[in-house]
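Numbering (my numbering), first residue to last: 23 to 91.
Written out as structure tokens, the structure reads:
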């Protein structure tokens, strides 16, 4: 399961803001809080992280345009 967040348009889309606690596994992938493989806290609600890093770790970023009907 991929973790999806929305891009921070104010930062030009190069950063994303986490909307939940996200953890890294020992294998270096991102998982949600409560996942049995969660090992290290990657970020909590409101933290902004580099989009490229987030995607490299398995996160998925959606823009507002992708979610509009």
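Beta carbons: idealized from backbone N, C-alpha and C, even for Gly.
When the distance is taken between beta carbons, is residue 71 closer than 8 angstroms to residue 37?
-> Stepping through the chain shown from its first residue, residue 37 is reached at position 15. Stepping through the chain shown from its first residue, residue 71 is reached at position 49. Closer than 8 angstroms, so yes.
Terminal residues of the continuous alpha helix (DSSP H) containing residue 42?
-> Mapped onto the chain shown, residue 42 falls at position 20. Counting along the chain, residue 42 falls outside any alpha helix (DSSP H), and DSSP gives it neither H nor E.
Is residue 55 helix, strand or coil by DSSP?
-> For this step, residue 55 is matched to residue 33 along the chain shown. Residue state, collapsed to three classes: coil.
Along the beta strand (DSSP E) that carries residue 62, what are the first and last residues, could you check?
-> Position 40 of the chain shown, counted from the first residue, corresponds to residue 62. First-last of the beta strand (DSSP E) with residue 62: 62-65.
Hey, is residue 70's beta-carbon within less than 8 angstroms of any beta-carbon in chain B?
-> Among the protein chains of the structure shown there is no chain B, as only one such chain exists.
Who are residue 77's beta bridge partners in DSSP?
-> Position 55 of the chain shown, counted from the first residue, corresponds to residue 77. Per DSSP, none; premise fails for residue 77.
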